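Enquirer:
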Amino acid sequence: MDELLPFLISGLGVGAVYAMSGVGLVVLYRSSGVLNFAFGALGAIGAYVAWSLLEHDWPQALAWAAAVLTSVLLSLAYGRWLAPKLAPRDPTIRSIGTLGFALVVLGFTEWTWGEQPRRLVLPTDSLAFEFALAGGDVRLTYTRALGLLLALLMMAAVALLLSRTRVGLKMRALANDRDLSALLGIRVLQVDTVAWLLSGAFAGVCGLLLANIVRLQATLLTFLVIPAFAAAIVGRLRSLPATVAGGIVIGVLEAMAIKMPGFAPFRTATPFLIALAMILMARGNERPA
Amino acid sequence: MNLSALPALRLVAALIAVAASGAAFGQAKCGLNTGKAAAGEPIMIGAVVGKTGPDDFSASAQAAAAYFKCVNANGGINGRPVEYIVADDQWNPETAAQVASKLVKDRKVVVLAGNTSFVECGANAKMYADEGVMVIAGTGVPRECFFAKNYVPINSGPRISATIAAMYAAKTYQSKRMVCIIPNIPSLGNWGCEGAKAWGKANGVEVETIAIDPGSADATSTMLQAAAKKPDTIIMHMPKGLLVPMMAAAEQQGMGKKIHFVSSAPAYNADVPKAIGPYWNKNFAVNLEFNPLSAAGPDNKNWQAVLDQFGAKSDPRDTFSQAGYVAARLVTETLLKMDPKKIDRASVSDALRKVSDFRSDILCKPFYVGSGNRHNANNSGPMAIVDGNGFANVPGGCVTADDPELVDVRADELKLGLK
Amino acid sequence: MSANWIAGAAVRVDADDLAQVQPALAGVSRQAWRSFALMVGTVLLIGLVLPWFSNAYWIKTLTSALALSVAAAGVAVLYGQLGLVSLCQYALLGAGGWAALRVSHGLAWPFELCVLVGGVTSCAIGMLAGLPALRMKGLYLALVTMMMAGGFQVVINVFGFPDGGAGWLGKVQGSERLLMVRPAVAPSDAAYLRYVAVWLAAVLALIELHRRTRAGRSWALIRRGDAAAIAAGVNILRYQTWAFGLAGFCAGVGGALLAGAVGQLDGRAFAASESVMMFALTVVGGVTHWAGALIAGLLLRAVPALLTDFGVNGYLAMIFFGAALLHALITAPSGVAGQLVGALAALRARLNRARHSAP
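Protein chains in written order, with my numbering: chain A, 41 to 329; chain B, 312 to 730; chain C, -18 to 340.
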């Protein structure tokens, strides 16, 4: 157990990553019924924008704001212009539409910035919590601790939004039955705008932190959305606390798996195995008759 | 001073400056150096590079293209111009097989030069052998590139590179226990660190390997795992895109203070020192497959001149580029020795196999091809250390790898009459 | 409501009605067999004619495209007939390819047998993958299959594909990696293209036969709802699992054919995103008509190859692809095949009108 502690702590960094992305995905799903495959791509382009601005010596806060703004604008563009055209189709097709959008954004990002090794450095990287453990010394940078904190804050904020505000109520109604909600007089476009705006903002923040904690590389960041779906599955695409807990557990187990002799080469499969286990154990979601 | 003489003086000064800069760059020298454009029947030469994907390896083909343009502007191959066709295999073996088919069977190239790809050796080596076409590759990466009859990489390869890095660490840091971190890509993960391991076994140094998943999001755990083995040196052996986040993770864990870090050749790139940051200043030694990019040798300067005059400004001036230039030069000089009317695939392959003393100050030792079953003529290189935003040379010059696997290559060298 | 109709309604049939119904039924049956023959004939004709018009690059590309069409046909069965989303078809293709390669290198069996081994392996795995479908709603099932594809991506990157070595994994150490032995009747690239077309025709015929028999009717009932199916006496477990098995078989055959085309398979080409793209492009091609699978294969391989041939930067091609995917999803709900069939039908109607109205 002593040998596993350092990995538990290092796993918290990755776990925060999965948790945040999971919350971002669940938020959009709960408000528009769409699984957003473009979540990672939107975050990636935001991170590259921030990197470019920092290279040109812009102040930190402005660079981050520009990154989040980029993601929000792109998300809004899709949500207001393209998503309504797919609205009459079933949820799977609407989600595949976001995949097309992800390819466009990813292709643009790779084409514009090219493949040069880059690092997104945040000022919180240089400070860390130090742990001197029997299994080895470990440091948890402030960035990763911040990621954990943000995951919890985002979860609380979204939960509040959905349960206590009028917009949140309308979002839940829309996710439940779009046509009926429109008939009841809910302004669909207005609510959709809020949902995609929120999703874009989350994507931007996640993108910045992901680019720092994992790697500033567009294709990898885009397809990290797939393990993030695992965290969303643990939360049954419904419960935000379960998503956050699931994401952190997945990250920690993936890190600790490095110490399991036979399993270590397969440890990147941990998110998928946990998601599958959760699904097989879950008793809900019966098929409609 | 007479005011009216000022413009004239300025003009003279300008002319002197132009002449001086021209002398600094040098006029690019290639092929016959006649300065006249070639206008005969074109000779088809091809290249397969991995451009779209995890990294962009097209610099070697870009340098070879610049060289062939220079050749075409200087009399061609005894009057015949070179038509150079580059194909992108998109890091996919299926695509690599398709584009190689296009080059070899549709466009009927007589030779390929300047290839650099992670996937095309495995996919195409057999087809090249079956079709009798030689490949003077810029850079080979996986094992198949160094174990094929018709594939001749100019670089030394990851296994040699890591071996030399390990030898350096043992000599400079008296290191006795090392960990080699490598991605688990087929034919790389189970081969790239084995040279260092085998050398270490024969020299009292223990080398352990950690194979990582290149798609993993968690670099910190890997570095912690490496540190848990209590090494005194860690050999980083991965493409630069993977290297930077792992070095960042090592920096965040403060590992640079307790453990020496060395790397194989992929880290020798102008963007790496800036990306990994000042923490690694003078703390990160890298093996080079060729002599340094800023070396003063005439061929190295010629490479830069060729790129300046015939390449694009955006072409990277990195080690892949050096490799592509050397490959193109080797092919050109071999073709120039042949009868221009008898240039076909079989005769070109024959002539290439006879190459036994190709010299360039970019390479540590003379290069050769030979008729062996595999080719790894370049098996030495110098070391450099990260210094500020660039690299500084390390004393010791070129080191030849002492890898037990090279025994057949050494036998081939003896047969060719080389030392 | 539907239960009442099936169980309760009594219909009186008299001799006159029978006399009219039988020739009508015979006519419909004839029409059905005609379209079946047209499908098989068209695919075989394509296979025969293509090598004459293609250079080596396109022969290789189109072989890959047809092999992937086989797998896309499986996706179309699941989504078109049953409305079930499978985002792990490319992973099943990889599993089939793995089995075919292992058997070919290790036991030196004839190519056809290796393809069948690949098909049966993926059929079995597909049936296992389909078990969660008995309890899942649409998007959830999609996510489950995507997780399986993600798991396969990791596993295949660790194990790699067999290339002539011994042992369970069949990976060679220290010597040359072997290529899969081509079928005896089709060693050259051009002949192999025709060979793959024959397999495609056979698989499409197999699917079509399923659709026209009890399996197809059971699937249609399952699609309407569990209650309708149970009331009609359909064994949901058997027919749904069988659909997944059939889709898996298609994937496995496609994988074996792809392995034979390229000679080797590489784990890095089997990311989870490939399975998602395969589903997306199958929907774009069209899931109800057999031509949709053919179009999906072309979209997956021939269109990128065309862009590469024109020297279009790979990332610009990605942008174009994403935009085209969005456009196709928005404007063509029944896929490109649906649009083509609709256009053909409109053309035929106009020609008929012209013929009938001409004096």
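By construction, the Cβ of each residue, glycine as well, lies at the ideal position given by its N, Cα and C atoms. These numbers were taken from a predicted model, which means no experiment stands behind them.
(1) Under three-state DSSP, which class holds S574 (chain B)?
(2) With N690 (chain B) and A712 (chain B) assumed to form a contact (beta carbons below 8 Å), what rounded beta-carbon distance in angstroms separates them?
(3) By the criterion of Cβ-Cβ separation under 7 Å, what are the contact partners of L160 (chain C) in chain B?
(4) Counting C-beta neighbours from all protein chains within 10 Å, is the total for S332 (chain B) 16 or more, i.e. buried, or is it exposed?
(5) Residues of chain C with CB under 9 Å from A59 (chain A), in chain order?
(6) Shorter than 8 Å from the beta carbon of A324 (chain C) to some beta carbon of chain B?
(7) Using DSSP with H/G/I as helix, E/B as strand and the rest coil, what is T450 (chain B)?
(8) Grab the span of the beta strand (DSSP E) containing R179 (chain A) for me, first residue to last.
(9) Quick one: which unbroken beta strand (DSSP E) runs of 3-plus residues sit fully inside the region 511 to 543 of chain B? Chain order, please.
(10) Using the Cβ count rule (16 or more neighbours within 10 Å means buried), how would you classify T361 (chain C)?
(11) Return the first residue and the last residue of the beta strand (DSSP E) that F595 (chain B) is part of.
(12) If I measure Cβ to Cβ from A335 (chain B) and keep anything under 7 Å in the same chain, skipping five residues before and after, which residues do I get?
(13) Among all the DSSP beta bridges, which residues are the ones paired with G357 (chain B)?
(14) Report the rounded CA-to-CA distance for G62 (chain A) versus G83 (chain A), giving the unit in angstroms.
(15) Which residue marks the beginning of the alpha helix (DSSP H) containing G552 (chain B), and which one marks its end?
(16) Report the CB separation of V145 (chain A) from A81 (chain A) in whole angstroms; it is logged as a contact under 8 Å.
(17) Between the alpha carbons of L109 (chain C) and A78 (chain A), how many angstroms are there, rounded?
(18) Tell me whether E352 (chain B) sits in a helix, a strand or coil according to DSSP, three-state version.
(19) Does DSSP put S332 (chain B) in a helix, in a strand, or in coil?
(20) For T126 (chain C), which of A:A317, A:L48 and A:F47 has the nearest alpha-carbon?
(21) Would you say P157 (chain A) reaches chain C, if we count a Cβ-Cβ gap shorter than 8 Å as a contact?
(22) From what residue to what residue does the alpha helix (DSSP H) around D619 (chain B) run?
(23) Enumerate, from N- to C-terminal direction, the unbroken alpha helix (DSSP H) stretches of 4 or more residues contained entirely within the region 80 to 128 of chain C.
(24) Along the beta strand (DSSP E) that carries M300 (chain A), what are the first and last residues, could you check?
(25) Listed from N- to C-terminal order along the chain, which residues in the region 391 to 411 of chain B have their beta-carbon within a distance smaller than 8 Å of any beta-carbon of chain C?
(26) For K125 (chain A), go through chain C and note every residue whose CB falls closer than 7 Å to its CB, in chain order.
(27) Which residues in chain C have a C-beta closer than 9 Å to the C-beta of W151 (chain A)? List them in chain order.
(28) Starting from G500 (chain B) and walking both ways along the beta strand (DSSP E), at which residues does that stretch end?
(29) Is the Cβ-Cβ distance between A59 (chain A) and V284 (chain A) less than 8 Å?
(30) List, in order along the chain, the chain B residues whose C-beta lies closer than 8 Å to that of V178 (chain A)?
(31) Can you list the residues of chain C that F263 (chain A) reaches, using a CB-CB cut of under 8 Å?
(32) For A182 (chain C), which residues from the same chain have a beta carbon less than 6 Å from its beta carbon, with the 5 sequence-adjacent residues on both sides left out?
(33) Please confirm whether G119 (chain C) and D217 (chain A) have their CB atoms less than 8 Å apart.
(34) Quick check: what's the CA-CA separation for F678 (chain B) versus K585 (chain B)?
(35) Taking Cβ positions, are S632 (chain B) and S371 (chain B) nearer each other than 8 Å?
(36) Looking only at DSSP bridge pairs, what is F171 (chain A) linked to?
Expert: With the given structure in hand:
(1) If DSSP states are grouped into helix, strand and coil, S574 (chain B) belongs with the strands.
(2) About 5 Å; that satisfies the 8 Å criterion.
(3) Chain B residues near L160 (chain C): K437.
(4) Note on S332 (chain B): pLDDT 45, under 50, position unreliable in the model; the coordinate value appears next. By the 10 Å Cβ count, S332 (chain B) comes out exposed.
(5) The contact set of A59 (chain A) on chain C, defined by CB atoms closer than 9 Å, is empty, because the minimum CB distance reaches about 17 Å.
(6) At a cut-off of 8 Å between beta carbons, A324 (chain C) makes no contact with chain B.
(7) Correct three-state label for T450 (chain B): strand.
(8) Where R179 (chain A) is concerned, the enclosing beta strand (DSSP E) stretches over G176 to T181.
(9) Here the runs fully enclosed are 517 to 523.
(10) No answer is possible for residue 361 (chain C): the residues shown for chain C start at -18 and end at 340.
(11) Unbroken beta strand (DSSP E) run through F595 (chain B): F595 to N598.
(12) Caution applies to A335 (chain B), whose pLDDT of 46 falls short of 50 and renders its modelled position unreliable; the model cannot decide the point.
(13) The partner list for G357 (chain B) (beta bridge, DSSP) reads B:I396 and B:L423.
(14) The alpha-carbon atoms of G62 (chain A) and G83 (chain A) are separated by roughly 13 Å.
(15) Run containing G552 (chain B): K551 to Q563, per the alpha helix (DSSP H) assignment.
(16) Their Cβ separation, rounded to whole angstroms, is 4 Å, which keeps V145 (chain A) and A81 (chain A) in contact under 8 Å.
(17) Their Cα atoms are separated by approximately 30 Å.
(18) DSSP places E352 (chain B) outside both helix and strand once states are collapsed to three, so it counts as coil.
(19) Bear in mind that a pLDDT of 45 at S332 (chain B), under 50, signals an unreliable position, so the model cannot answer this.
(20) The alpha carbon of T126 (chain C) has as its nearest neighbour, out of A:A317, A:L48 and A:F47, the alpha carbon of A:A317.
(21) Output row for P157 (chain A): interface = no.
(22) Per DSSP, D619 (chain B) belongs to the alpha helix (DSSP H) from P609 to F621.
(23) Fully enclosed alpha helix (DSSP H) runs of 4 or longer: 92 to 111.
(24) Run containing M300 (chain A): none; DSSP gives neither H nor E here.
(25) Within the region 391 to 411 of chain B, the residues whose Cβ lies closer than 8 Å to some Cβ of chain C are A398, D399, Q401, W402, N403, P404, E405, T406, A408, Q409 and V410, listed in chain order.
(26) Those within 7 Å of K125 (chain A) in chain C are I311.
(27) Within chain C, the residues near W151 (chain A) are N294, G295, Y296, L297, M299 and I300.
(28) Per DSSP, G500 (chain B) belongs to no beta strand (DSSP E) and is neither H nor E.
(29) For A59 (chain A) and V284 (chain A), yes; Cβs fall inside 8 Å.
(30) What V178 (chain A) touches in chain B: L535 and Q564.
(31) The answer, in chain order, is A252, A253 and S254.
(32) Answer for A182 (chain C): V21, V24 and L25, listed in chain order.
(33) Going by C-beta atoms, G119 (chain C) is not nearer than 8 Å to D217 (chain A).
(34) Cα atoms of F678 (chain B) and K585 (chain B): separation of roughly 33 Å, rounded to the nearest angstrom.
(35) Yes, Cβ-Cβ distance for S632 (chain B) and S371 (chain B) is below 8 Å.
(36) DSSP output for F171 (chain A) lists A:V178 as bridge partner(s).
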